[in-house]
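Going by UniProt numbering, the sequence shown opens with residue 1, and the numbers climb by one from there. We put the beta carbon where it would ideally sit given N, CA and C, even for glycine.
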Amino acid sequence: MQQHALSASSSLFLMASCLFICQPNELLAQEFPASQELTASASDLQLEVYVNGRSQHLIAAFHRDDDGQLAVDAQQLKNVGIKPVDIARRPDGRIDISKLPGVDFEYDAGAQTIRFTAPESARASKVYDATGTGDGADAVADDEGTTDGEAQSTDVGAVLNYTLHASSGGNGWDTLRSFQGLSGAFEGRVYGAYGVFSSSQIASTTGGEYYGTKRLDTTWSYSNEDKLMEYRLGDIQTGGLSWTRPVRLGGVQIQRDFSLRPDLVTIPMPGLSGSAAVPSTVDVYVNDSRRFSRDVPEGPFSITNLPVITGAGTARIVVRDALGREATTETPFYTSPSLLLPGLWDISGETGYARRNFGIESNDYDDRLMLSATGRLGMTDWLTGEAHAEGGEDLANGGLGAVFLLGSYGVANVAGAMSSHEGETGYQIAVSMEGEIGGFNLFARTQRTFGNYDDIASVTADQVARDDGTGFYSTRPPKALDQISLSLPSFKETTLNLNFTQLETAEGDRSRLIGMSASRPIGDNGNAFVTAYADISRPESYEVFAGLSWRLGDNLTDSTSVSSDQDGYSGGADLLNSPPDGRGLSWRLHDAEGKSVNRSVSAAYKGNLGKISTGIQQFGNSVEANAEIDGALVAAGGGVFLTDRVEDAFAVVDVGAPGVDVQFENRPVGRTNSNGKLLVTGLRAHEKNAVSIDPANLPLDMQVETTRRIVRPKEKSGVIVKLRDARSGNHSQLLTLRDEHGGYVETGAIARTASGKGDDFPVGYDGQVYISNFKPGAELQVENPSGESCMITIPASLVETTSPTIELTCRSAP
Numbered sequence: 001m002q003q004h005a006l007s008a009s010s011s012l013f014l015m016a017s018c019l020f021i022c023q024p025n026e027l028l029a030q031e032f033p034a035s036q037e038l039t040a041s042a043s044d045l046q047l048e049v050y051v052n053g054r055s056q057h058l059i060a061a062f063h064r065d066d067d068g069q070l071a072v073d074a075q076q077l078k079n080v081g082i083k084p085v086d087i088a089r090r091p092d093g094r095i096d097i098s099k100l101p102g103v104d105f106e107y108d109a110g111a112q113t114i115r116f117t118a119p120e121s122a123r124a125s126k127v128y129d130a131t132g133t134g135d136g137a138d139a140v141a142d143d144e145g146t147t148d149g150e151a152q153s154t155d156v157g158a159v160l161n162y163t164l165h166a167s168s169g170g171n172g173w174d175t176l177r178s179f180q181g182l183s184g185a186f187e188g189r190v191y192g193a194y195g196v197f198s199s200s201q202i203a204s205t206t207g208g209e210y211y212g213t214k215r216l217d218t219t220w221s222y223s224n225e226d227k228l229m230e231y232r233l234g235d236i237q238t239g240g241l242s243w244t245r246p247v248r249l250g251g252v253q254i255q256r257d258f259s260l261r262p263d264l265v266t267i268p269m270p271g272l273s274g275s276a277a278v279p280s281t282v283d284v285y286v287n288d289s290r291r292f293s294r295d296v297p298e299g300p301f302s303i304t305n306l307p308v309i310t311g312a313g314t315a316r317i318v319v320r321d322a323l324g325r326e327a328t329t330e331t332p333f334y335t336s337p338s339l340l341l342p343g344l345w346d347i348s349g350e351t352g353y354a355r356r357n358f359g360i361e362s363n364d365y366d367d368r369l370m371l372s373a374t375g376r377l378g379m380t381d382w383l384t385g386e387a388h389a390e391g392g393e394d395l396a397n398g399g400l401g402a403v404f405l406l407g408s409y410g411v412a413n414v415a416g417a418m419s420s421h422e423g424e425t426g427y428q429i430a431v432s433m434e435g436e437i438g439g440f441n442l443f444a445r446t447q448r449t450f451g452n453y454d455d456i457a458s459v460t461a462d463q464v465a466r467d468d469g470t471g472f473y474s475t476r477p478p479k480a481l482d483q484i485s486l487s488l489p490s491f492k493e494t495t496l497n498l499n500f501t502q503l504e505t506a507e508g509d510r511s512r513l514i515g516m517s518a519s520r521p522i523g524d525n526g527n528a529f530v531t532a533y534a535d536i537s538r539p540e541s542y543e544v545f546a547g548l549s550w551r552l553g554d555n556l557t558d559s560t561s562v563s564s565d566q567d568g569y570s571g572g573a574d575l576l577n578s579p580p581d582g583r584g585l586s587w588r589l590h591d592a593e594g595k596s597v598n599r600s601v602s603a604a605y606k607g608n609l610g611k612i613s614t615g616i617q618q619f620g621n622s623v624e625a626n627a628e629i630d631g632a633l634v635a636a637g638g639g640v641f642l643t644d645r646v647e648d649a650f651a652v653v654d655v656g657a658p659g660v661d662v663q664f665e666n667r668p669v670g671r672t673n674s675n676g677k678l679l680v681t682g683l684r685a686h687e688k689n690a691v692s693i694d695p696a697n698l699p700l701d702m703q704v705e706t707t708r709r710i711v712r713p714k715e716k717s718g719v720i721v722k723l724r725d726a727r728s729g730n731h732s733q734l735l736t737l738r739d740e741h742g743g744y745v746e747t748g749a750i751a752r753t754a755s756g757k758g759d760d761f762p763v764g765y766d767g768q769v770y771i772s773n774f775k776p777g778a779e780l781q782v783e784n785p786s787g788e789s790c791m792i793t794i795p796a797s798l799v800e801t802t803s804p805t806i807e808l809t810c811r812s813a814p
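Shown next as structure tokens:
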């Protein structure tokens, strides 16, 4: 009985197996869908996904419950091209694909595939990041600032920027020999792993109140690239918004700094989307310039982080299939740095003592501790919230604002603030708008204060007496400020700009300025321009200025101009010679006659070591001669360098050999000095910079692992780019080998290390062989084609030789 029962059971198993194996897969999928399998059990499945008959070339992880229901992670479902909707979401977070509206599926257990049939409305767009960071872009440099693993040392270094100015002259030409004194401006900084310490000051030997030194700023700063935060201690400037007034403090600052990640997109970009019926090529044009192109599969797609300029524009999407058929759509947009991406925040917080008389006094600080905080938060693609608060002893000030998008026309800003100081209350409202409407670029702003509105600037500023002796000038924000600027569309290549400003101070003084400027090219080399302004509240206050400039050659420009104001007329001419890249010799001749006389001649030379300039000027009866030296002194990378001003980051290229050509971004910048080093300025902080050397003029016995490095220096700091000999004391040399009888070693012989490990070096005609990566004293075995062998020893004199070849005798092996 037991044997019979087992036989019956085996028969049932074989019948069931035949049912699944013998039937075609298509029939199985129709009669036994996943939700109705007879032998379902809980398991995890890795299935290839098809949508509307096309493979997505992706495998998704599905979970099958005990009852045969299939569920998948929402993000994975979206990745394969199906929208995950909330009504299909289970308590565990997975999407029950049987509840997707309008979507049918077939699960093929034998082929381990799942086939979805979905309408266009249920398809999820394939997202492409136009910056390339999320779509197979090249890896960014590592933490040390290089892509090939070579550590770039930021070490410790120092920079001193200097400007020295000397002048002579006075009232009349005979006073040119009268020396007026020497002055200088200095900005020094020391950098290292713990940040940058900088200090600037001016000094003068001129008599009177200008004699001596005046300290400007002294600050320590540290950047945290991971958190995008900047920390400063010393002389700082508070963060601000368009409706606040930043002030100088001596204190501490913590601030968000997006410049630490130049690749980071912080403002909402136009989101472009479309659909391809078949695999196609998508091209995106922004203002008729192609910005993005790639192949896409069939189905919907969207493109994010499209690189566009700020302001108004039009994006055009061109979808082209394999047969050349095109479908084109256009989308107008407006982008502004005033907006932040949703969820992105920006803050600045400071505390310290307000600084007064900057540039006049070295250490004039108010004795009241002040605090300031500014924040922005991206709420949606079209709305960014703003907040600002500041205060201290007897002062409280706070306000809220919002920046919002006006469709594809522009952005607007609305803000309100309130202050309380010594029992007096004040209010401020501000509204501004910028955008493009019908080809007109418009900026408009209005600001009003009510009551006694105060902020840190007004509370801590020195009081200045009025000229009429009726009291002091108020340092409070203006009672009213209105501004309008309008740029008209180009008409026959003529550009026209109009502007109006109305200002009413806290004391009630009012001025209303109206201005106009226009320019038009003339031919290929000329340009005509006119500028005019007037104070409507004072009709006698006006000026009109018009001129014509003409390019006479690659470096030479001539210009003439006339002007008129309430004091009379004047006319002038200039002849200017300036190299295109700003380096080399430049000079200028200037003459202005009329209501006042202004004549000058000047020349300057700018090179790798700095800039030197000199000139003579006559203004009325006053005559002055001057000379100026501008440059920097840098101590970094084990060397001291004289160079042009170092405003941002730099690199010390260490090759270890003199006279090697160095390029920055494929542009020649100089040759290494006698110590094998070169200072390269002008690097972009926190961005990728390519520094390379030309191997053509490397010494013959020198080998380097790479001739190019990608570095990302920190702000106002330097990096050391090492492109030295990679052999750790090993050398290369051309040898001429002779046998013990004085003849040349046979052509075709092979030289290798005695141990047999390492490279083989073939011997050419006349016994010549080029060996590399060997230390003096190494032994090489030479095997002749005839089967005989001999030995040579690399002499110690190889290190010091300047001969292109060394002759050695190959002695028979023992």
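Taking only three categories from DSSP, how would you classify I437?
strand
Touching or not, the stretch 484 to 496 and the stretch 514 to 531, by the rule of three or more beta carbon pairs under 8 Å?
yes
Within 10 angstroms of the Cβ of I309, are there 16 or more other Cβ atoms? Answer buried if so, exposed if not.
exposed
Checking 7 Å against the spacing of the C-beta atoms, do L575 and V634 come in under that value?
no
Once DSSP output is grouped into helix, strand and coil, what is the label at E807?
strand
Taking contact to mean 3 or more Cβ pairs, one atom from each stretch, closer than 8 Å, check whether the stretch 618 to 629 and the stretch 648 to 655 are in contact.
no
Between the Cα of R355 and the Cα atoms of S302, A461, P478 and A444, which residue gives the shortest distance?
A461
Length-filtered (3 minimum) beta strand (DSSP E) runs lying within the stretch 599 to 642:
610 to 619 and 622 to 636
Alpha carbon to alpha carbon, what distance is there between N689 and A276?
38 Å
Are S789 and A813 closer than 7 Å when you measure CB to CB?
yes
Opposing strand residues paired with V660 [DSSP bridges]:
For V660, which the question treats as bridged, DSSP gives no partner whatsoever.
Kindly list the residues whose CB is nearer than 7 Å to the CB of K492, restricted to its own chain and excluding five residues on each side of it in sequence; keep chain order.
none
For P478, count neighbouring C-beta atoms within 10 Å of its own C-beta (all shown protein chains included) and say buried if the count is 16 or more, exposed if not.
buried
Inspect the CB distances between the stretch 315 to 325 and the stretch 354 to 374 and report whether three or more fall short of 8 Å.
no
Should A139 be labelled buried (16 or more other beta-carbon atoms within 10 Å of its own) or exposed?
Caution applies to A139, whose pLDDT of 30 falls short of 50 and renders its modelled position unreliable; the model cannot decide the point.
Can you tell me whether DSSP reads W243 as helix, strand or coil?
coil
Straight-line Cα distance separating T449 from T505:
10 Å
Which full runs of the beta strand (DSSP E) of 3+ residues lie inside the stretch 393 to 462, going along the chain?
395 to 405, 410 to 421, 424 to 437 and 440 to 451
Could you tell me which of E705, I254, R94 and K775 sits nearest to T753, measuring between CA atoms?
K775
With H, G and I counted as helix, E and B as strand and the rest as coil, what does DSSP make of I87?
helix
Counting Cβ pairs, one atom from each stretch, are 3 or more of them under 8 Å apart for the stretch 732 to 745 and the stretch 662 to 674?
no
Could you tell me whether the stretch 272 to 286 touches the stretch 387 to 400, using the rule of 3 or more Cβ pairs below 8 Å?
no
In or out: L808 buried (at least 16 other Cβ within 10 Å) or exposed?
buried
I'd like the list of long-range same chain contacts for E628, defined as Cβ closer than 6 Å, with 5 residues on each side in sequence excluded.
H165 and S613
Under the three-state reduction of DSSP, which class applies to G134: helix, strand or coil?
Low per-residue confidence applies at G134: pLDDT is 46, beneath 50, and the placement is therefore not dependable enough to give any value.
Anticipated Cβ contact below 8 Å, S474 with S511, distance rounded:
S474 to S511, Cβ: 15 Å. No contact.
Taking the alpha helix (DSSP H) that I74 falls in, what are its first and last residues?
Strictly speaking, residue 74 in this sequence is Ala, with Ile absent from that position. A74 to N79 is the extent of the alpha helix (DSSP H) around A74.
Name the DSSP bridge partner or partners of K722?
D654
Using the Cα positions of I59 and N79, report the straight-line distance between them to the nearest angstrom.
10 Å
Let me know if L642 comes out buried or exposed under the rule of 16 or more other beta-carbons within 10 Å of its beta-carbon.
exposed
For Y211, count neighbouring Cβ atoms within 10 angstroms of its own Cβ and tell me buried if that reaches 16, exposed if not.
exposed
D766, DSSP secondary structure in three states:
helix
Rounded to whole angstroms, what's the CA-CA distance from I82 to Q76? Just pull it up for me.
9 Å
Range of the contiguous beta strand (DSSP E) that encloses Q502:
T494 to E504
Put E120 into one of helix, strand or coil per three-state DSSP.
helix
Give me the residue from N675, S43 and A457 with the minimum Cα distance to S396.
For the record, residue 396 in the displayed sequence is Ala; it is not Ser. Looking at the Cα atoms, A457 is the closest of the given residues.
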